[in-house]
Amino acid sequence: MKITYIHHSTFCVEIEGKALIFDYYNGVGVPNCTYHGKMPALPRETPLYVFSSHSHRDHFSAEVLQWAQEYPNIHYIFAKEVKKKLGNSVLKRLGVGEGVKEKITYVKHGQQVEIHGVRVETLLSTDSGVAFLATAAGKTVYHAGDLNWWKWEGEPEEFNDFQERVYQEQIGLLAGRKIDLAFVVVDPRQEQHQFLGIQYFMEHVDAAKVVPMHFWKQYALIQEYRSSLPAGERERILAVEHENQEMII
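Per our numbering, the very first residue in the sequence shown carries number 1249; after that it's consecutive.
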């Protein structure tokens, strides 16, 4: 597998001629954090599978629908809540026709679908939308979206209890699964709780390689977390250091 870290939670994973694109957004629109990562150049005939876990502006840009003009073999897998963002006025502004709409599969949590040779399974997010498990050519990739153990100082106890319970329930659904590659949230805004979700994931999921994401350009956090692990566990963490970084596993 070839992994391209584009920026934030956006990745391109190439597996035996197929390209899986997760949570692409164009890098603008979030205050005080602008990204400049670009989609890798791919042959026109490449089968593209474009995943959007939810419609937050740091996880989705409607312009991905315009990619169908360049890549005829493209498929979109969107959380159902994304549909609200794609009214006729948006599609008209983008110059998107009915043929592109037919390429979109909307999914909700707890669903399993097969899309042109790629099996897609979904989990419930603790924030919005879904998390994805995508299996292509015998390789399984997990992308958390915003599924994370969101514990915040100052939030009501009921909120933090809900986050803990639902996160542990959803990660529990991965027990016994062999995952080849996982993209997991590390968010510095959680301060002392920033590694809570990834640590629980590492302890309970059999994932060969884990890539932290959603860290708002705080690249040093990855090495900080990696260094905190026992020597045998550190190799599971792949550290991204800059936009458009490529990794082969």
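Beta carbons: idealized from backbone N, C-alpha and C, even for Gly.
Report task. In angstroms with no decimal places, state the Cα-to-Cα distance between residue 1345 and residue 1317. Result -> 10 Å
Requested in this report: Whole angstroms is fine: what's the gap from residue 1484's alpha carbon to residue 1324's?
Outcome: 29 Å
Query raised in the report: What residues in its chain sit with their C-beta under 6 Å from that of residue 1254, if we drop five residues either side in the sequence?
Result: 1285
**Report entry** Unbroken alpha helix (DSSP H) run spanning residue 1444, endpoints
**Finding:** 1444-1452
Report task. Give me the Cα-Cα distance between residue 1315 and residue 1282, rounded to the nearest whole angstrom. Result -> 22 Å
Report task. For residue 1322, I'd like the list of residues in its chain whose CB is within less than 7 Å of its CB, leaving aside the five on either flank, ordered along the chain. Result -> 1296, 1298, 1315, 1316 and 1351
**Report entry** Buried versus exposed, by CB contacts within 10 Å (16 or more), residue 1394
**Finding:** buried
Query raised in the report: Taking Cβ positions, are residue 1497 and residue 1263 nearer each other than 8 Å?
Result: no
Query raised in the report: Applying the criterion that 16 or more other CB atoms from any shown protein chain within 10 Å of the CB defines a buried residue, is residue 1396 buried or exposed?
Result: buried
Requested in this report: Starting from the C-beta of residue 1305, find all residues in its chain whose C-beta is less than 8 Å away, skip the five residues before and the five after it, and write them out in chain order.
Outcome: 1273, 1277 and 1278
Query - Check whether residue 1267 and residue 1300 have beta carbons under 8 Å apart - result: no
**Report entry** At least three beta-carbon pairs within less than 8 Å, the region 1337-1344 to the region 1426-1439
**Finding:** no
Query raised in the report: With 16 as the cutoff for other CB atoms within 10 Å, does residue 1387 come out buried or exposed?
Result: buried
Requested in this report: Rank 1385, 1373, 1343 and 1374 by C-alpha distance to the C-alpha of residue 1363 and give the top, closest one.
Outcome: 1385
Query raised in the report: Taking just the CA atoms, how far does residue 1378 sit from residue 1329?
Result: 9 Å
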